[in-house]
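Peer 1: Under the UniProt record's numbering, residues 1 to 456 are what the sequence shown spells out, in order. From the three backbone atoms N, C-alpha and C, an ideal C-beta is built for every residue, glycine too. This structure is in structure tokens; I'll ask about it shortly.
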Amino acid sequence: MSNRFREKISRQSAREQNSELYRKEIPDAIVFFCPASSQNSRQNFNKKLTKNLTLWKYFSLFENQVFLKCCNDAGSLMPVSDIIHYCRKNEAVLCLRSCFSRYADVLKEGIYMKKVVGICLILLVLGSLPLAAEEKVLTLYGSAEPRSIEVLAEGFEKATGVKVDWIRMSSGETLARLRAEKDNPQADVWWGGTLDPHSIAALEGLTENYCPSIYDELDPRFRDPLGDCQVIGVYVGILGFSANEALLKEMGIPTPTGWEDLLNPKLKGLIGVANPNTSGTALTTLATQVFRTGEAEGKKVDEDAGLEYMKALHANIANYTKSGVAPGILAGRGELAVAIVFLHDVIYQIEEGYPVTAIAPQDGTGYEIGGLNLVKGAPHPEIAKQFMDWVVSAEAQETQAAIGAYQLPTNMTAKVPESAIPIDSVATVDYDFNWVAENGVRVTDRWTREVFTLPR
1 MSNRFREKIS
11 RQSAREQNSE
21 LYRKEIPDAI
31 VFFCPASSQN
41 SRQNFNKKLT
51 KNLTLWKYFS
61 LFENQVFLKC
71 CNDAGSLMPV
81 SDIIHYCRKN
91 EAVLCLRSCF
101 SRYADVLKEG
111 IYMKKVVGIC
121 LILLVLGSLP
131 LAAEEKVLTL
141 YGSAEPRSIE
151 VLAEGFEKAT
161 GVKVDWIRMS
171 SGETLARLRA
181 EKDNPQADVW
191 WGGTLDPHSI
201 AALEGLTENY
211 CPSIYDELDP
221 RFRDPLGDCQ
231 VIGVYVGILG
241 FSANEALLKE
251 MGIPTPTGWE
261 DLLNPKLKGL
271 IGVANPNTSG
281 TALTTLATQV
291 FRTGEAEGKK
301 VDEDAGLEYM
311 KALHANIANY
321 TKSGVAPGIL
331 AGRGELAVAI
341 VFLHDVIYQI
351 EEGYPVTAIA
361 PQDGTGYEIG
371 GLNLVKGAPH
381 PEIAKQFMDW
391 VVSAEAQETQ
401 AAIGAYQLPT
411 NMTAKVPESA
421 IPIDSVATVD
431 YDFNWVAENG
441 VRVTDRWTRE
451 VFTLPR
């Protein structure tokens, strides 16, 4: 945003500054303005947005600045210049107007809108259109931790000169986003998060097959679980528990070492896990029980037994979070005794000083393969393929350990992080990624109907 425009906004009249915020529908461009003096109005407005906007962008206003707040766990803020950069490939004015139109019922309270003629967004957008044709930009949806996505975006830009616009969402949220954008794809690549939602996207025709140029460098066990390069594996993570042993000791509860231990009645209200409708971690948890209980009965899969276990576990769950990493944070804070999470996240927490222990269930556990997809109809397919070639390289995968992401790399030439837990050291179930791809949506629907609705 130019200084000239900031000054223009700052010169709003005292009457406008002190009166209730107004709403006007503007056909050309939209600028949101919130008086700095109206702190309560601003807070109430932000609460409305946070409550109502879940699948798209929403606007947040602070101190006479215009921001675009991404719907992600990091809650990162983007200045108006980045809004324009992000929107211009979709015709920025239409993009902004669409955001307004979609949520007019929410936005009508707490917004003053000002039409800008010949300046601000219109000039900035029109002035930047020639640049947009020359500038190389990749739009990336990421479902791993924000620090992991950021270091890859920076590394790719440094290696290729291509700017990466990235948005962090959980795996379930990204799948929902791709479904919503099917007829008008906005992203080029989806990287990270558990393979299962990636696989569902592939089976639904939301992504395209692509084999990276260094495919042969990737571990055959993890590189292509569905076959035909429908989804490429970029890392491996082991499902387990984050246990706050000090809290468990204080409450006289033995530290759980397996899945059955989580059914201890003393753990009622002390266990956290995410919701499989929004979290790939939680879908892995659900599928793990289907496979684990099946193996106990001498079968490959026992869907009913797996759901019966989830019903029993439900009685001890404190809450179901949107994000898979959130329960681990709560366990680290002492708000939960046990969290069902991926163990590489627990190791990072331990190194950050959280009083938790990483536990691999002794009675068999599931694991994730981080997914990588080329979005069908990607706006920049050639740049997307270039990114996919680079992100599976040893160079790219080794960037993760430096920022505390201790998944196992799938590139066999990449150095394995010293803190990583080798998958061969853990008892794992026979996790069938194809079965989950074909049945994951249906089983999640069953969990929602048969488990989630039960009282606790």
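Is R179 buried or exposed, if buried means 16 or more other CB atoms sit within 10 Å of its CB?
Peer 2: The residue is exposed, with fewer than 16 neighbouring Cβ atoms inside 10 Å.
Peer 1: Could I get the ranges of all uninterrupted beta strand (DSSP E) runs contained in the region 281 to 350, with 3 residues as the minimum, in chain order?
Peer 2: Segments of the beta strand (DSSP E) lying fully in the region 281 to 350: 317 to 321 and 338 to 342.
Peer 1: Which residue's Cα is closest to the Cα of E368: L270, G161 and D224?
Peer 2: Answer by Cα proximity: D224.
Peer 1: Taking just the CA atoms, how far does E382 sit from H344?
Peer 2: In a straight line, the C-alpha of H344 is about 32 Å away from that of E382.
Peer 1: Does E173 come out as helix, strand or coil in the three-state DSSP assignment?
Peer 2: Helix.
Peer 1: Would you tell me roughly how many angstroms separate the C-alpha atoms of T284 and L239, rounded to the nearest one?
Peer 2: Looking at the two C-alpha atoms, the distance is approximately 8 Å.
Peer 1: Starting from W191, trace the beta strand (DSSP E) both ways and give me its first and last residue.
Peer 2: V189 to T194 is the span of the beta strand (DSSP E), which, as asked, contains W191.
Peer 1: From the DSSP secondary-structure annotation, give me the bridge partner or partners of G272.
Peer 2: Answer by DSSP bridge pairing, in chain order: N319 and A339.
Peer 1: Would R333 be called buried (16 or more neighbouring beta carbons within 10 Å of its own) or exposed?
Peer 2: So R333 counts as exposed.
Peer 1: Could you give the DSSP three-state label for G155: helix, strand or coil?
Peer 2: G155: helix per DSSP, three-state reduction.
Peer 1: If we count the other Cβ atoms within 10 Å of its Cβ and call it buried at 16 or more, is S242 buried or exposed?
Peer 2: So S242 counts as buried.
Peer 1: Determine whether the beta carbon atoms of T281 and G324 lie at a separation below 8 Å.
Peer 2: In this structure, G324 lies closer than 8 Å to T281 by Cβ.
Peer 1: With a 10 Å radius around its C-beta and 16 neighbouring C-beta atoms as the bar for buried, classify M251 as buried or exposed.
Peer 2: Burial call: exposed.
Peer 1: Check the C-beta distance from A337 over to L248 and give it rounded, since I have them as a contact under 8 Å.
Peer 2: So it is a contact: roughly 5 Å between Cβ atoms.
Peer 1: Report, in whole angstroms, the separation of the C-beta atoms of F387 and L218, which I expect to be a contact under 8 Å.
Peer 2: With 8 Å as the limit, F387 and L218 do not qualify as a contact, their Cβ atoms being about 16 Å apart.
Peer 1: Please say whether P254 and I232 have beta carbons closer to each other than 8 Å?
Peer 2: Contact flag unset, no.
Peer 1: Along the chain, which unbroken stretches of the alpha helix (DSSP H) at least 4 residues long are found entirely within the region 341 to 400?
Peer 2: 343 to 351, 381 to 391 and 394 to 397, all fully within the region 341 to 400.
Peer 1: Here's the rule I'm using: 16 or more other beta-carbon atoms within 10 Å means buried, otherwise exposed. How should E351 be labelled?
Peer 2: E351 is exposed by the Cβ-count criterion.
Peer 1: Tell me the DSSP secondary structure of R179 in three-state form.
Peer 2: It is helical.
Peer 1: Tell me where the beta strand (DSSP E) around V137 begins and ends.
Peer 2: Run containing V137: V137 to G142, per the beta strand (DSSP E) assignment.
Peer 1: With three or more beta-carbon pairs closer than 8 Å as the criterion, would you say the region 202 to 212 touches the region 297 to 304?
Peer 2: Taking 8 Å as the limit for Cβ pairs, the verdict is that the region 297 to 304 does not touch the region 202 to 212.
Peer 1: Evaluate contact between the region 396 to 416 and the region 136 to 155, counting only Cβ atoms and requiring at least three cross-stretch pairs below 8 Å.
Peer 2: Judged by Cβ distances under 8 Å, the region 396 to 416 makes contact with the region 136 to 155, as three or more pairs qualify.
Peer 1: Would you decide whether E25 is buried or exposed? Buried here means 16 or more other CB atoms lie within 10 Å of its CB.
Peer 2: With a pLDDT of 29 at E25, under the threshold of 50, the modelled position of that residue is not reliable, and the figure given next carries that caveat. Exposed.
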